[in-house]
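A quick write-up on the structure given underneath.
In the UniProt record's numbering, the protein residues as written are 1 to 1105.
In structure tokens, the structure reads:
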């Protein structure tokens, strides 16, 4: 920076924002040059060059702007985008003025500047449909002449889950072994894996283990756990499933009734072999370890048996039943022995009879029939006498459930159903024996297909599952047809049972009708299933997602979406749905048109297409350029700032791209003072530690190619409230029934409002005792009550803040008595009189009575125990033992506390026990006249009237003389006291004008020193009659000391009064009232922070103490 002056040898000075610059590490001054090396943002400002010589002075201002490198608001961002949806990245540059932006993809390098992926100002990058290959790290680099900055975007392309392998498969496992199923799922974000059995979660199933969060293991698997196991992979974008049908083979088991069997020659017998296992085992027989076949072998479900109709010797031997399935085999054997026939003869006295044991003919033991028909089971029985036939089903009596005919030889099953299947046992009994035969009833049912769901919607590319649930006996076989022909198994798989048809990677042509055919020996059933293939919405052509328009033009946004079924297209602006054909908006299918666009129409628009298969969201960023505008609400152009705090005033420019910003103050360009800072984009001015001089009008001017706009802002500096505490009493005291005023002087800009509260709550200003004056700075309470005690808070509030001050007001109450008036007490000579001062217990410790004293006829009794008058230690009880006439009089109890004193009078009258003297008779007569007027009248009526009147006259004269004598004594006492005080006052006046030496002695443990100081003391004239003034002290000789036994009310055991040590009390004698006045004791006052008494005593008072 050069400051040229054509005149020779001038003095040149440089200033920055009014501050003189000197050579330093930051700047260098060489003759008429100012050099700034490596300038920073602080170097910007108004520089002034002043050239001065004898001829005059010249100034020149230079405004320096320091260009700083671009700065990113965020240097690293993670962006997630769904595969197939649009991707938009915006470079987060704070100030775009003069900045060139470049984009890089780390795996490919720079993105060409003319790429359609970039917006016009290169600040945004778009990808119409994000692919997995777009997952990478992108960076935008902003450069200008001062440097560059970089921001990175970590783009993560998310996609729905998928599972490796076939969508449907089968596996076999033997019961009580371990089943292992693997599930390898992919997806972004990584999907969560869950397992289901026949559509239900396997949580809580015994033996289940999940390894590596995906693989399923089931230990000791049971036959009941057979079924369709589904691996479900799920993330926020969707889910995928893979089915595995697990067939559990249960090892076979063959069971016979016994190991040995005896059969009578010529009789019938059945060798039963029950078999168990899954799948159903195949049964073979051995006789004597050689394969055995016979027409007498019969088989049914879980049962195989050999029926010997008429046993012969060749039928004996070892029979073995072998059950075999894919899980293994099981054998069981029984030894058959043929016995000779025996005749049973029954002998009777009259005749001989022969009995023949029952015999059941060898008929078909397995009875089969169709459902809903009547089936009959024949049990042909012979024997003598004729046997009785009974039936059981599965070991239980049939009761009335089934009908029997022909003496129960035939069992009828009407409307047979699968519930009637089972083992029926016929038992024939007579006196010769019992025989049984088992019949197996097998009911055949026609296949039935569940029609609850016959239509399936499958999204193209996903796999579809069609379930055909058929029931029947025997178990039906499932076949599938399409268009009346067997289906083409390409892209289709079936479950082992054939009841589930899986469509793999569905295409549009896979839609249509599929027929499930269920067949067994009884018949067949068919059911059609409809499959709809849905296509998700998609865009198959390039579109411009960052269009730019000029104000007034028509905006057209096209969203060419394809899908089946046809999607519903909704346009949104931000989060608000655009109503078609309302105002300037027109919607035609997938086209949004905005007529006469304004700047307010710029922003984010969304095309949302949705159908049953899914949805597609396409976003558009519309930029409309117009004249710069400001966005402000009413009143936002006025800024209030508290003094010495910070405020930021902002233009509020909403135009994009950002226009040029300049600031004015008072109509002239604003020069930046040291405590001002401007944001990098120029839209914000921050004032640090604002002062009153910073208030005023500021103007922000925004300019672009369309024009310029101005906006004015007002800055008002506020001064917070302040309370002048110099003359405030923080802990004021108030006396009941008196007035008190609290002062709270406040200042601030604007003038603060003053609010008074008591204990944090508002004060009822409707109370007539409350006084508010001087803008509420004075708060008064008239006729104070005890309830007025508390914490009063003065709060001053204005827009700059608030300030509070607390006044802890203590209210003191004078002592009070439980009774009022004069209490009369009448006793006779020799009686004991007890006077109790009924002082009311104070609610507050501060109001407790500090001292109690007694007077008799205005003469103090404190500390004086006469022969028969005694005052209790706490002073509250006065006892007169063996009362005499001299004890009669007016007794006064005086209670004293910090707030004052209260008195209660007791009038004591003493009557004589002997009326020998005139005084005793007068006292008696007066008592009788006051309390028993009728009795006195009756008594005196019996006496001479003259004697009685004479007696009363003398008594009245006596009373008059007595009262006059008392008045003379009182007047004389007052006169003497007045003379005494006048003499004292004259002596004091003379002494005040004489300078006399004063010696002060200070005593320490060792040594003792005496210091003489000459002082002049002037005692002010005391007014008459004398009134106590704490600032003046007591006149010499007007005080005395009394030892008082003090007590304190302290709740100890049984709430008794606790004694404390006696303290020295000071009393003053009032000659006008003839009473002693007690001064505050030094011991009862707490020391102040300097260690002295709250009311310091002068030398004279200390000497008297």
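Here a beta-carbon is modelled for each residue, glycine too, at the ideal position from N, C-alpha and C.
409 is the residue among 386, 384 and 409 whose C-alpha sits nearest the C-alpha of residue 392. The three-state secondary structure of residue 507, taken from DSSP, is coil. Among the bridge pairs identified by DSSP, residue 848 is matched with none. Around the Cβ of residue 800, a 10 Å sphere holds 16 or more other Cβ atoms; the residue is buried. Excluding five sequence positions before and after residue 11, the CB atoms of its chain that fall closer than 6 Å to its own CB belong to 52, given in chain order. Per DSSP, reduced to three states, the secondary structure at residue 606 is strand.
Just measuring C-alpha positions, the residue of 619, 618, 633 and 694 sitting nearest residue 643 is 694.
A distance of 9 Å or more separates the beta carbons of residue 300 and residue 321. Of 798, 176, 88 and 132, the smallest CA-CA separation from residue 207 is found for 176. For residue 436, the closest alpha carbon among the candidates 470, 382, 483 and 403 is that of 382. When secondary structure is reduced to three states using DSSP, residue 585 falls in the strand class.
By the beta-carbon neighbour count (other beta carbons within 10 angstroms, threshold 16), residue 870 is exposed. Here residue 225 is buried, its C-beta having at least 16 other C-beta atoms within 10 Å.
One Cα belongs to residue 823, the other to residue 903, and the distance between them is close to 12 Å. Here residue 886 carries a helix assignment [DSSP, helix/strand/coil].
A distance of 9 Å or more separates the beta carbons of residue 428 and residue 468.
The beta carbon of residue 603 is closer than 7 Å to those of 573, 574 and 622 in its chain, skipping five residues each way along the sequence. In this structure, DSSP gives residue 298 an extended state, which the three-state scheme calls strand. In this structure residue 64 does not touch residue 237 by the C-beta definition: roughly 55 Å separates them, more than the 8 Å allowed. Linking residue 190 to residue 254 through their CA atoms gives a straight-line distance of about 51 Å. Per the DSSP secondary-structure output, residue 638 pairs in a beta bridge with 714.
The beta strand (DSSP E) runs of length 3 or more contained entirely in the region 498-575 are, from start to end of the chain, 500-503, 512-519, 524-539, 548-550, 555-558, 561-564 and 568-573.
Secondary structure of residue 179 (DSSP, three-state): strand.
Residue pairing by DSSP puts residue 665 in a beta bridge opposite 668 and 698. Secondary-structure assignment with DSSP links residue 273 through a beta bridge to 256 and 304. C-alpha of residue 507 to C-alpha of residue 544: approximately 31 Å in a straight line. Between the region 563-571 and the region 645-652 there are fewer than three C-beta pairs closer than 8 Å, too few to call the two in contact. Within the region 754-779, the complete beta strand (DSSP E) runs of at least 3 residues fall at 770-773.
Annotated three-state conformation of residue 597 is coil, per DSSP. Under the DSSP assignment, residue 291 falls in the beta strand (DSSP E) whose first and last residues are 290-292.
In the same chain as residue 461, and ignoring 5 residues on each side of it, the C-beta atoms closer than 8 Å to its own belong to 505 and 506, in chain order. Inclusion of residue 141 and residue 90 in the CB contact set at 9 Å is not warranted, their separation being larger than that value. Per DSSP, reduced to three states, the secondary structure at residue 808 is strand.
Taking each of 474, 708, 312 and 640 in turn and checking the Cα distance to residue 662, the smallest one comes out for 708.
Residue 249 is classed as buried because its beta carbon has at least 16 other beta carbons within 10 Å across all chains shown. Residue range 375-378 is occupied by the beta strand (DSSP E) that includes residue 378.
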